[in-house]
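The opening position of the sequence shown corresponds to residue 284 in my numbering, with each subsequent residue numbered one higher.
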Amino acid sequence: MATASGARDATSSGSAACARPATTHPQPASGARRQTLVGARVVLPTGTVPDGSITIDGTRISGATPADAHVIDVSGHWLVPGFVDIHNHGGGGASFSGTADDVHKAIHAHRRHGTTTLVASTVTDDMDLLVQQAGLLSELAEQGDLAGIHFEGPFISPCRKGAHSEELLRDPDPAEVRKLIDAARGKAKMVTLATELPGGIDSVRLLAEHGVIAAVGHTDATYEQTVEAIEAGATVATHLFNAMPTLGHRSPGPIAALLEDERVTVELINDGVHLHPAALELAFRHAGAGRVAFITDAMDAAGIGDGRYLLGPLEVEVSEGVARLVEGGAIAGSTLTMDRAFQRAVTIDRCWTRWARRSRRRWARWRPGCRSGSSCRRRSRRSPSPPRCRSRRRRPPRPRRSADPWCWGHGPGHRRRAAGGRWRGHLRRGRTRAPRSARSAGRTHPAAVPSPARTARSAAAAAAVRTGARRRRAHG
C-alpha cells in the first residue's frame with residue numbers, strides 16, 4: 284500500500300487510478316519487523332474504509348495483527364493500493380538504459396513514491412544495444428524487480444519522433460520486432476510503433492500472436508489507419524494526445540479512433556505539462572476510468588531535480604521540473620512520480636469525482652423522483668450499462684400547460700412547445716371541446732371551431748328537433 288497525503292477528495296471510483304496491488308516484490312528480509320498502520324482512510328476495491336488498519340509483515344501485507352507488531356498512527360492520510368507504472372524510462376538520476384546498478388537505483392526511486400509494479404521502458408537506440416539491454420532487463424524481470432519491458436522505439440514515425448534520435452529510427456520490420464521479443468526471453472510486455480509505416484500492420488499481428496501488447500504511439504496515422512491497426516490487434520495508446528496528430532473536425536486522426544474503441548487502453552501523463560485539464564477530462568469522458576492508465580514517462584530527473592541529463596543518446600535539460608531537449612526544445616519525458624499523478628487527479632483535476640457524479644446524475648434523470656444514483660438499474664437508451672430504479676418515491680407533478688391556445692398546436696403534424704410545459708402534438712380537427720385550461724381562461728381553442736360538414740349536420744339536427752317540438756305542441 285502507498286500512503287498519499289492531501290488526497291482529500293478521493294472516492295471509491297478514484298481507486299481505479301491506483302492500479303492493482305503489485306505482484307512482483309523482492310523477498311522480505313529475515314527477521315523484518317512487523318508493523319501495523321492505524322487511523323488512515325483505506326481505499327479498497329469496494330470503497331473506502333475510515334479509520335482502517337493495515338498490518339505489514341516485512342514487505343507483504345498480512346491479514347492478521349500479531350501481538351508484537353509495532354503500531355504507527357497515520358491519521359489524516361490515505362492508504363491506497365500500490366501504483367502500477369507501465370511506461371517509465373528511469374528516475375533517481377539513473378535510467379533503464381544503463382547498467383544493473385542504474386536500473387536498481389531507478390526502481391527504488393519510484394518505490395519511494397508508491398510504485399510497486401514497474402515496467403521498464405527503453406528509448407530509441409542502435410538495434411544491437413537494444414538487444415543487449417533487453418537481455419539485462421529480462422534478467423531483472425525474472426528476479427521480480429521489474430514487471431516486464433516496454434520498447435518505445437525505434438519503430439516510430441520521424442514526423443512525431445519527440446525526444447528520440449531521428450537517425451536511429453526505422454520502419455517496423457516484423458523480423459526485427461521478433462528479434463527484440465526473442466531477446467527479452469518472454470519478458471517483453473509492450474512495443475510502441477507507428478502502424479502507418481511499412482510493415483506496421485504485420486508487426487502488430489506478430490505482437491498479438493506472441494502475447495505482446497502493440498501500442499500506437501509516436502504516429503502520424505490517419506483515423507482509418509488507426510482503426511486498421513486496432514482491428515489487427517493494437518490495444519494501447521501510448522501517451523494519448525502527445526506525439527500524434529491533433530483532433531480535427533475533418534481529419535480526426537488517431538485520437539478519435541483510440542478513444543472510441545472500448546478495446547483500447549489510453550495512457551495519460553498527468554503532470555500539468557503534457558496535457559491541459561480539458562484534454563484530460565475529454566479522455567475520461569469518452570474512455571471512462573476503466574480504460575485510462577496514468578503513466579509517468581519519467582526520465583532520470585524524476586525524484587532528483589533540475590539539471591542536465593541524458594535520455595538515450597540525447598541531452599536533456601530540466602528546468603522547474605520540465606524536461607526538454609537541449610537541441611530543439613521538445614518535451615523529453617517527465618519528472619513525474621505516480622503519487623503526484625494520483626494526488627493531482629483527485630485534488631486538482633478531480634477526474635474521478637466528476638466522472639462518478641456524472642454517472643449518478645445520468646441514472647437519476649431517467650426516473651423523476653429517484654435519487655438512488657448508481658443503485659438504479661432501469662435500462663436506458665443513453666447508456667449501455669442499464670439501471671433499474673427501485674425507488675418507491677412518487678413522481679413529481681407534471682408541469683402545467685400554458686393557457687395560450689396557440690401553444691398547443693394547430694395543424695397536421697405541427698408541434699409547438701408551451702412555455703414551461705411539455706411537447707404537445709396537434710389536436711384532431713373537429714374537436715368541439717377545448718382543454719380545461721382554455722375553458723377556464725375564457726378563450727376559444729382553434730380546434731373548438733367545427734368543420735363545415737359538422738356544422739351542416741348539427742344545423743339539420745337542430746332544425747329537426749325544433750320541427751318535432753312544434754308538431755307535438757300542435758297536436759297536444
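Every residue, glycine too, gets a C-beta built ideally from N, C-alpha and C.
Item to check | Where Ser666 falls, given that 16 or more other Cβ within 10 Å makes a residue buried | outcome: Mapped onto the sequence shown, residue 666 falls at position 383. Model confidence at Ser666 stands at a pLDDT of 44, short of 50, so the residue's coordinates are unreliable; what they give is reported in the following sentence. When all chains shown are included, Ser666 counts as exposed.
Item to check | Buried versus exposed, by CB contacts within 10 Å (16 or more), Ala540 | outcome: Within the sequence shown, the letter at position 257 stands for residue 540. The residue in question, Ala540, is buried, as its Cβ has 16 or more Cβ neighbours within 10 Å.
Next on the checklist: Under DSSP, the beta strand (DSSP E) around Glu598 begins and ends at which residues?
Outcome noted: As a working note, residue 598 is residue 315 in the sequence shown. Its beta strand (DSSP E) spans residues 597-602.
Next on the checklist: If you reduce the DSSP assignment to three classes, tell me which class Ala576 lands in.
Outcome noted: For the purposes of this step, residue 576 is taken as the residue at position 293 of the sequence shown. The answer is strand: DSSP assigns Ala576 an E or B state.
Checklist entry - Got a sec: does the ligand NAD put a non-hydrogen atom nearer than 7 Å to the Cβ of Ala497? => result Summarising the ligand content, the structure contains no ligands, and the ligand NAD is consequently not present.
Next on the checklist: Using 8 Å as the threshold, is the C-beta distance between Ala446 and Ile432 below it?
Outcome noted: Along the sequence shown, read from residue 1 onward, the residue named residue 446 stands at position 163. Along the sequence shown, read from residue 1 onward, the residue named residue 432 stands at position 149. No. Outside cutoff.
Next on the checklist: Let's see if you can read the secondary structure: which residues bound the alpha helix (DSSP H) around Val414?
Outcome noted: On the sequence shown, position 131 is the one that residue 414 refers to. If you look at Val414, you'll find it in the alpha helix (DSSP H) that goes 410-425.
Checklist entry - Below 8 Å between beta carbons: does that hold for Arg627 and Ala615? => result Along the sequence shown, read from residue 1 onward, the residue named residue 627 stands at position 344. Along the sequence shown, read from residue 1 onward, the residue named residue 615 stands at position 332. Against a cut-off of 8 Å, the Cβ pair of Ala615 and Arg627 comes out as no contact.
Checklist entry - Hey, would you say Gly483 sits closer than 8 Å to Leu476, going by beta carbons? => result Position 200 of the sequence shown holds residue 483. Position 193 of the sequence shown holds residue 476. With contacts defined as CB atoms closer than 8 Å, Gly483 and Leu476 qualify as a contacting pair.
Item to check | Where Trp429 falls: helix, strand or coil (DSSP) | outcome: The residue given as residue 429 occupies position 146 in the sequence shown. The question names Trp, but residue 429 is Leu in the sequence shown. Three-state DSSP puts Leu429 in coil, outside helix and strand.
Checklist entry - What does Arg324 pair with, by DSSP beta-bridge criteria? => result Within the sequence shown, the letter at position 41 stands for residue 324. For Arg324, which the question treats as bridged, DSSP gives the partners Trp361.
Next on the checklist: Here's the rule I'm using: 16 or more other beta-carbon atoms within 10 Å means buried, otherwise exposed. How should Arg324 be labelled?
Outcome noted: Taking the sequence shown and counting its residues from 1, the one referred to as residue 324 is at position 41. Burial of Arg324 is indicated by the presence of at least 16 other C-beta atoms within 10 angstroms of its C-beta.
Next on the checklist: Here's the rule I'm using: 16 or more other beta-carbon atoms within 10 Å means buried, otherwise exposed. How should Gly573 be labelled?
Outcome noted: Sequence index remark: in the sequence shown, residue 573 carries index 290 (1-based). Exposed, since its Cβ has fewer than 16 Cβ neighbours within 10 Å.
Item to check | Pairwise C-alpha distance: Thr399 and Ile337 | outcome: In the sequence shown, residue 337 corresponds to position 54, counting from 1. In the sequence shown, residue 399 corresponds to position 116, counting from 1. Between Ile337 and Thr399, the alpha-carbon positions lie close to 17 Å from each other.
Checklist entry - When the Cα of Pro457 is compared with those of Ser448, Glu450, Glu449, Thr478, which residue comes out closest? => result In the sequence shown, the residue the question calls residue 457 occupies position 174. Out of Ser448, Glu450, Glu449, Thr478, Thr478 has the C-alpha closest to the C-alpha of Pro457.
Checklist entry - Quick one: is Arg700 buried, meaning 16 or more other Cβ sit within 10 Å of its Cβ, or exposed? => result In the sequence shown, the residue the question calls residue 700 occupies position 417. Here the model assigns Arg700 a pLDDT of 42, short of 50, so the residue's position is not dependable, and the following value carries that caveat. Here Arg700 is exposed: its Cβ has fewer than 16 other Cβ atoms, across all protein chains shown, within 10 Å.
Checklist entry - What whole-angstrom Cβ distance do Val326 and Trp361 have, given they're in contact under 8 Å? => result Here residue 326 corresponds to residue number 43 of the sequence shown, with the count starting at 1. Here residue 361 corresponds to residue number 78 of the sequence shown, with the count starting at 1. Between Trp361 and Val326 the Cβ distance is about 6 Å, and since that is below 8 Å, they are a contact.
Item to check | Under 8 Å between C-beta atoms of Gly365 and Gly586 | outcome: On the sequence shown, residue 365 is found 82 positions in, with the first residue counted as 1. On the sequence shown, residue 586 is found 303 positions in, with the first residue counted as 1. Not in contact: Gly365 and Gly586 (Cβ atoms no closer than 8 Å).
Checklist entry - According to DSSP, is Arg754 helix, strand or coil? => result Here residue 754 refers to the residue found at position 471 of the sequence shown. Arg754 sits in a helix when the DSSP states are folded into three classes.
Next on the checklist: On the CB-based measure, 16 or more other CB atoms within 10 Å of its CB, does Asp411 come out buried or exposed?
Outcome noted: Reading the sequence shown from its first residue, position 128 is the one you call residue 411. Classification for Asp411: exposed.
Item to check | For Ser486, the residue or residues it bridges with in DSSP | outcome: The residue you call residue 486 lines up with position 203 of the sequence shown. Partner(s): none; Ser486 has no beta bridge.
Next on the checklist: Pull the bridge partners of Glu435 from the DSSP assignment, please.
Outcome noted: In the sequence shown, the residue the question calls residue 435 occupies position 152. For Glu435, which the question treats as bridged, DSSP gives the partners Thr475.
Item to check | Burial state of Gly590 (16 or more Cβ within 10 Å) | outcome: Start at 1 with the first residue of the sequence shown, and residue 590 comes out as number 307. The C-beta of Gly590 has fewer than 16 other C-beta atoms within 10 Å across all chains shown, which makes the residue exposed.
Next on the checklist: Taking the beta carbon of Ala795 as the centre, do at least 16 other beta carbons fall within 10 Å, making it buried, or is it exposed?
Outcome noted: An answer regarding residue 795 cannot be provided, because it is not within the stretch 284 to 759 covered by the chain.
Item to check | Rounded separation between Gly335 and His353 - CA only | outcome: Numbered from its first residue, the sequence shown carries residue 335 at position 52. Numbered from its first residue, the sequence shown carries residue 353 at position 70. Each residue's Cα considered, the two are about 16 Å apart.
Item to check | Secondary structure of Pro481, DSSP reduced to three states | outcome: The sequence position of residue 481 within the sequence shown is 198, counting from 1. Reduced to three states, the DSSP call for Pro481 is coil.
Next on the checklist: Could you give the first and the last residue of the continuous alpha helix (DSSP H) run that contains Glu514?
Outcome noted: Position 231 of the sequence shown, counted from the first residue, corresponds to residue 514. For Glu514, the uninterrupted alpha helix (DSSP H) segment begins and ends at 506-515.
Checklist entry - Under three-state DSSP, which class holds His370? => result The residue labelled residue 370 in the question sits at position 87 within the sequence shown. When secondary structure is reduced to three states using DSSP, His370 falls in the strand class.
Item to check | Outcome for Thr529 when other beta-carbon atoms lying within 10 angstroms are tallied against a minimum of 16 | outcome: Translated into positions along the sequence shown, residue 529 becomes position 246. So Thr529 ends up on the exposed side.
Next on the checklist: Report the CB separation of Asp583 from Ala377 in whole angstroms; it is logged as a contact under 8 Å.
Outcome noted: The residue you call residue 583 lines up with position 300 of the sequence shown. The residue you call residue 377 lines up with position 94 of the sequence shown. In this structure Asp583 touches Ala377 by the C-beta definition: roughly 6 Å separates them, less than 8 Å.
Checklist entry - At which residues does the alpha helix (DSSP H) containing His387 begin and terminate? => result Here the question's residue 387 lines up with position 104 in the sequence shown. From DSSP, the alpha helix (DSSP H) with His387 extends over 383-394.
Next on the checklist: On the DSSP letters alone, give me the boundaries of the beta strand (DSSP E) that Arg453 sits inside.
Outcome noted: Position 170 of the sequence shown holds residue 453. Run containing Arg453: none; DSSP gives neither H nor E here.
Item to check | Cα-Cα separation between Ala512 and Thr342, rounded to whole angstroms | outcome: Indexing the sequence shown from 1 puts residue 512 at position 229. Indexing the sequence shown from 1 puts residue 342 at position 59. The C-alpha of Ala512 lies about 41 Å from the C-alpha of Thr342.
Item to check | Rounded separation between Glu450 and Ala497 - CA only | outcome: In the sequence shown, residue 450 corresponds to position 167, counting from 1. In the sequence shown, residue 497 corresponds to position 214, counting from 1. Approximately 23 Å, taken between the alpha carbons.
Checklist entry - Between which two residues does the beta strand (DSSP E) carrying Leu608 extend? => result Mapped onto the sequence shown, residue 608 falls at position 325. For Leu608, the enclosing beta strand (DSSP E) starts and ends at 605-608.
Next on the checklist: With H, G and I counted as helix, E and B as strand and the rest as coil, what does DSSP make of Leu565?
Outcome noted: To locate residue 565, count along the sequence shown from 1; it is residue 282. DSSP, reduced to helix, strand and coil, places Leu565 within a helical segment of the structure shown.
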